[in-house]
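A.B. asks: According to mature numbering (1 follows the signal peptide of the UniProt record, and there is no 0), the sequence shown holds residues -18 to -1, 1 to 1124 in order. Note that CB positions come from ideal geometry on N, CA and C, so glycine has one too.
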Amino acid sequence: MRQLTIFLFVFISGFSIAASSQDYVSVSGSGGWCWFGDPRGVCYNGNVYTGWVSGDGSIFAGKYNIESGITDTYNLHPKFQKDDHNNPSVLITPSGKIAMFYTKHGGGPMYMRVTHRPEDISVWDVEQEIKNFNHPENRGITYPNPYMLSEEDNRVYMFWRGINYEPTVSYNDDVYNVKTWSKPEQLFKSGPHPEHGRNVRPYTKIASNGKDEIHFVFTDGHPRQWPENSIYYMYYKAGNFYNAEDKKIGSIENLPIEKSKASVVYKADKQKGRGWNWDVALDSSGNPVIVYARMPEETDHRYHYARWDGSKWVDNKICDAGKWFPQTPKGKKEREPHYSPGIALDHSNPNVVYLSKRRINGNLEIYRYETENLGKTWNTESVTENSAYGNVRPYVIRNHPEDGPALMWEQIHYYQHYTKFNAAIKIDVLRDERNLSAEKPSARSVRNYMRRVADWQIKNPSRHHTADWTHGALYAGMTEWAEMAADDKYFDYLIEMGERNNWAPHRRKYHADDFTVCQMYLKLYEKYREKKMIEKTRQRLDWILKNRSDVEIVPFSGKTQERWSWCDALFMAPPVWAKMAAITGEKKYENFMIEEWKYTTEKLFDKKENLYYRDSRYFDKREKNGEKVFWSRGNGWVMGGLVRTMEYLGKDHPQIGYFENLYKKMARKIASIQQPDGLWHSSLLDPETYSTPESSGSGFYLYALAWGVNHGLLEREEYLPHIMKGWNSLSSNVHSDGMLGYTQPIGADPRNITEEQTEVYGVGAFLLAGSEVYKIAVEEKISEAQELRVSNYANVDVSYGAVSIDPDEIRGIDLSKAGVISAENYKISQTQLVDNDLDGEMDEFLFQASLDAGESKKYFIIKDAKITLPNLRTYSRYVPERKDDYMWENDLIGFRAYGPKLAKEGANSGFDCWLKEVEYPTTNNRYFTAQHGRTYHSYFGEGYDPYHVGSSAGCGGLSLWENGRRVHSSVYDEYKRIANGPIRSIFELTYDDSWKRNGKSLKEIKRFTIDLNSWFTKIESSFSGEDASSQQFAVGITTHNGKASAELGIASILCSEMIDGTYLGAGAVLAEPQPEKTMEIRVDKPDQSHAFIITEPTDKPIVYYTGFGWEKQGIETEEQWQEEINELKERIKNPLKVEIHK
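1. Report yes if the C-beta distance between E754 and Y701 is below 8 Å; otherwise report no.
2. Flag this pair as yes or no: are the beta carbons of F969 and E986 separated by less than 8 Å?
3. Figure out for me which residue from I1063, S547, M562 and A831 has the closest Cα to the Cα of K1119.
4. How should S967 be labelled, buried or exposed, when 16 other C-beta atoms within 10 angstroms of its C-beta is the threshold for buried?
5. Who are the Cβ neighbours of I213 in its own chain at under 8 Å, not counting the five residues just before and after it?
6. Assign A649 to one of three DSSP states: helix, strand, or coil.
7. K422 and residue 1152 - do their beta-carbons sit closer together than 8 Å?
8. Short check: CB of G232 to CB of I300, under 8 Å?
9. Can you check whether the CB of L1046 is closer than 8 Å to the CB of A1033?
10. Pairing CB atoms from the segment 493 to 502 with CB atoms from the segment 552 to 567, are three or more of them under 8 Å?
11. Please look up how many angstroms separate the CB atoms of Y371 and Q398, rounded, as I've assumed it's under 8 Å.
12. Mind checking whether K811 and G822 have CB atoms under 8 Å apart?
13. Tell me where the beta strand (DSSP E) around G744 begins and ends.
14. Which one of S786, T999, I849 and Q913 has the shortest CA to CA distance from L874?
15. Under 8 Å, do R855 and Y909 count as touching if we go by C-beta distance?
16. Can you name the start and end residues of the alpha helix (DSSP H) that A912 belongs to?
17. Out of I535, Y743 and I477, which one is the CA nearest neighbour of Y510?
18. Which residues bound the alpha helix (DSSP H) around T448?
19. Pick helix, strand or coil for H1123, following the three-state DSSP scheme.
20. Starting from the C-beta of E316, find all residues in its chain whose C-beta is less than 8 Å away, skip the five residues before and the five after it, and write them out in chain order.
21. Enumerate in chain order the residues of its own chain whose CB-to-CB distance from F538 is below 6 Å, with the five nearest sequence positions on each side excluded.
22. Buried or exposed: which applies to S267, given that a residue is buried once 16 or more other Cβ atoms fall within 10 Å of its Cβ?
23. Have a look at A767 and S330 and give me their C-alpha separation to the nearest angstrom.
24. Just verifying my parser: in three-state terms, what is the DSSP assignment at H98?
25. Compute the Euclidean distance between the alpha carbons of F497 and E534, then round it to the nearest angstrom.
26. Could you pull out every residue in the same chain whose Cβ sits closer than 6 Å to the Cβ of P1055, ignoring the five residues on either side in sequence?
27. For A464 and F473, what's the separation of their Cα atoms in angstroms?
28. Using beta-carbon positions only, say whether S891 and H950 come within less than 8 Å of one another.
29. Kindly indicate which three-state DSSP category V72 falls into: helix, strand or coil?
30. Which first and last residues belong to the alpha helix (DSSP H) in which C500 is found?
31. What are the boundary residues of the alpha helix (DSSP H) that I440 is part of?
32. Can you grab the Cα-Cα spacing for the pair V(-9) / H395, in whole Å?
33. Using a threshold of 8 Å, state whether the C-beta atoms of W662 and E676 are closer than that.
34. Decide if G744 is buried, meaning its Cβ has at least 16 other Cβ atoms within 10 Å, or exposed.
35. Please indicate yes or no: does the CB of N47 lie closer than 7 Å to some heavy atom of the ligand SAM?
36. If we call anything under 8 Å between Cβ atoms a contact, is V953 one with G881?
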């Protein structure tokens, strides 16, 4: 190995030292690929861009930064199809944006996604289907292969298996435009099988010089179906196709190319065996080099190397490869016996080959072969050895640096079939030899890692009891993440766990472990102030105070666990006692905690090493190197418990100096023994014996160190490099699907671990670390941020209220990319720009804020920090497929208005309520359901429409009020969509002819505004014609022929009814003008019974709010619904105020 000084880190060169595949960096977590969809990995400007199919069938993009050693990932299409044939192929566009193409195995269609910005995989444009590829005969669509030719003005050629299951081609001069791909044409025609006459799917491998040539290697078909499967070659240049002898055999205008015209690389027969192509590359003279497998028997695979020397193919055997690599179930016949372990050429130097074969009595390993004589003889070196898992399907990164990394491969933990596998994508960088950067990660990156890890854990619940200490550690981290996230689903998860546990500690009355969950209970109590969240914890603590144990904790035993006789306990229990004291103001809790902490420290703390023994059993034990046994996670528990306890005690507590002194000693020690890979191994003083990094202990250390920097206890310049390097390494332990690996299982002392091991407490430590690292990452942006102060002068709390700012008041920040964070907890909000008059200039910048009644908070507008929650948004659209309906919804409610096609069917201007019990938009699903023979009037999993409108006002329809009766318009005539964003949707409906149809010379324009997290839609109705200013109007809520009860307030109405056994409250509030009265009218005629707000005449727009609350969305009683209406009235009177700090 040699030192690459320009990058200041070591790369493997020549693989003179092999290592277990576990010691190499994983760019994916769970991930696999096939070998026919290429390019699978491309190096561009110091980053390797790649992709894979995860264990749950999701399509992932990955970006490995060579200098920093950090991998970023993005889920392009969740749960697409679990099949390793679906790996995405990579194309670097001329602008530096990354394009990826993928399709289902044999099913189509093909999809494309492109990064929104060059070289940034954190934000992608919307997924697009390439509909031009949907040829009537385009069956079996699989294996996208995009190649760009610079000398054809960057024309992109796409090759895939398509028409008649044979190689297919299309081209495009504008890769960003999915509509401009040429008509697909069959590229290569293998012809029918000589025995059964059916087409048999030729397989294609492709290489290009990137300028003017594309080279192809084909087979007759699949080796399973074609025992004499031969190998063929041709190339493309300047519109024409040529064989190896440079003889023209066809053109792009005259396809397909007949198999008989291509050059035969290998003519198979039954004795030599069927062939299967694996790779093709070009040597320095531009001649093709090919590697393929021959299979005389299904158990006898042989790798061959064929090279065109200018006049003939020189074909040499490289080595035997053994049999197939899939792990055939005992007693079963192998389904894919022709799956060789794999071979690949180095396209930068095709004298070099990487291949997989099985060691004798060992696993499948990766080898590097190099020839200097066209493949006659080979020098070999091991890339992997003594691996715990098999290693297959090597792939050489296109355009890789001379000194690497050059190689990626698939490490298989389990592979039975292409739909049944557990694998990871590796890169040829040893974990210990990464130059993990000590630079700050972006705030966006930290959040993305935290979100992915939190989401994975929620989706993959642990086997442990939900009140167990393992979950308690998870909840501690999840609580911090919930405070940061712009999505209440994390608090919902925590509340669900609390309810499941009956808000009680676990079973053992004394045992510290069984208090860990109470940390979450107390934090949620602070937020929600529900007594049930705290009372059982308090009862348990009071019981301990009355029945205090005085057992000696040395020697360690079951009885000693009545006190904190093991160092883990200092995380589990002390923060609960300190927090209870802070909440109640009762000193007895903190006094007990301090006394017990000091006692445990006296017994277990080693003053020389400044570390804690796990318990007294380890006083005299030694590691293999003779050092004392100090367990990483055990001391991680202590460090985590220290900072949480100090935070709850407060900086002015009389005993805080004791804890700060202990903390600083441990911090200094922990920083000094950080390993070169950026983390801490399971044994703090013998990292060589336990050579793998450990995530849970490392997470707690990073949490504690970052907390110390953020609270001014540690010197920033000294500790920041430790923190940043540690975080960058810890985040690399996150698999592409969000699973955190390298977490030591439950134990009490050091153990070696693998990247596949995970535990909930490790996730908790990771989230705790992220919560503090995020603050450090944000600080740099705050120096360039715009400061705001938002005040709530209402007498009610505001949760996720929309705050509006004039964009002209914000200078020097691109608001289209900006985020807004709270100065209190650095929680980030979604943002939105709105062009209210559609003149091309943005009129409002929106973000969300939560404030208690009378509270004022500071916020910052941050550059390049925009976030989007795809499933949490407002939405509206015109629905031509259902008679011109217009739909709008947020995360709580949905409405529709009726359009022109219903004018002759008696529909009117009343509004329909669409009940929903999910927070994501459901409009498209509902209408799709209706189009396919089901009715949305019946419950279909997300909600339904049981609300009858008929000729009534429905929920909030506006009518003229003449002579004590309602005179309404017909359906809307025109619509205009103004904004459709995450926070707010705005649209207008025009009622013109609809009034004329009912005999009124009026024109009405209704402007609708629906905000996220609101039970109400705001409506502004402007009238013209027929002396509109002298008219009175009525806002109505149907009582469904008197079935609903009505409550009349000042400028508000409320109706309550039971629908299908569940409560539904509907209501309206008039904001302008002044109401004349509210009233209820009961009429025997169907649909004419209403509660009304009657307006005073006005020449100004009528502004009102209408909405509803359903039991399945949390409004269970009339009292709750009345409270929502009252709070709305208070917020109308006292909206949020914003001051911009100049």
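C.D. replies: On the basis of the data shown:
1. No.
2. One thing to note: F969 has its Cβ no nearer than 8 Å to the Cβ of E986.
3. Closest option to K1119, Cα to Cα, is A831.
4. In the assembly as shown, S967 is a buried residue. Its beta-carbon has 16 or more other beta-carbons within 10 Å.
5. The residues are V199, F200, T201, V246, V247, Y248, A250, G257, N259, I272, Y274 and A288.
6. Note: A649 maps to helix in three-state DSSP.
7. An answer regarding residue 1152 cannot be provided, because it is not within the stretch -18 to 1124 covered by the chain.
8. Not closer than 8 Å, so no.
9. No, Cβ-Cβ distance for A1033 and L1046 is not below 8 Å.
10. Verdict: yes, contact present.
11. Contact annotation, Y371 with Q398: C-beta distance approximately 14 Å; criterion of less than 8 Å not satisfied.
12. Reading the sequence as shown, one finds Ser at residue 811 and not Lys. For S811 and G822, no; Cβs fall outside 8 Å.
13. No beta strand (DSSP E) contains G744, which is instead part of the alpha helix (DSSP H) from V742 to I764.
14. Of the listed residues, the one whose Cα sits closest to L874 is T999.
15. With respect to the 8 Å criterion, R855 and Y909 are not classified as neighbours on the basis of their beta carbons.
16. Counting along the chain, the alpha helix (DSSP H) containing A912 begins and ends at T905 to Q913.
17. Y510 has its Cα closest to that of I477, out of I535, Y743 and I477.
18. DSSP places T448 outside any alpha helix (DSSP H), giving it a letter other than H or E.
19. Correct three-state label for H1123: coil.
20. Counting only residues of its own chain and dropping the five nearest sequence neighbours on each side, E316 has a CB closer than 8 Å to the CB of E280, W306, P308 and T310.
21. Excluding positions up to five away in sequence, the list reads S547, D597, S598 and R599.
22. With fewer than 16 other beta carbons inside 10 angstroms of its own, S267 counts as exposed.
23. A straight-line Cα-Cα distance of about 46 Å links A767 and S330.
24. If DSSP states are grouped into helix, strand and coil, H98 belongs with the strands.
25. Each residue's Cα considered, the two are about 21 Å apart.
26. Excluding residues within five positions, the ones whose Cβ falls inside 6 Å are T1077, E1078 and T1080.
27. If you draw a straight line from the Cα of A464 to the Cα of F473, it is about 6 Å long.
28. It is a contact, given that the beta carbons lie within the stated cut-off.
29. V72: strand per DSSP, three-state reduction.
30. Per DSSP, C500 belongs to the alpha helix (DSSP H) from C500 to Y510.
31. Secondary structure note for I440: its alpha helix (DSSP H) is the uninterrupted segment A425 to K441.
32. Because the pLDDT of V(-9) is 31, which lies under 50, any placement of that residue in the model is unreliable, and the number read from its coordinates should be weighed accordingly. Rounded to whole angstroms, V(-9) to H395 spans 28 Å at the Cα level.
33. A contact, by the Cβ cut-off of 8 Å.
34. G744 is classed as buried because its beta carbon has at least 16 other beta carbons within 10 Å across all chains shown.
35. What this structure holds is no ligand at all, so the ligand SAM is not there to describe.
36. The Cβ-Cβ distance between V953 and G881 falls below 8 Å.
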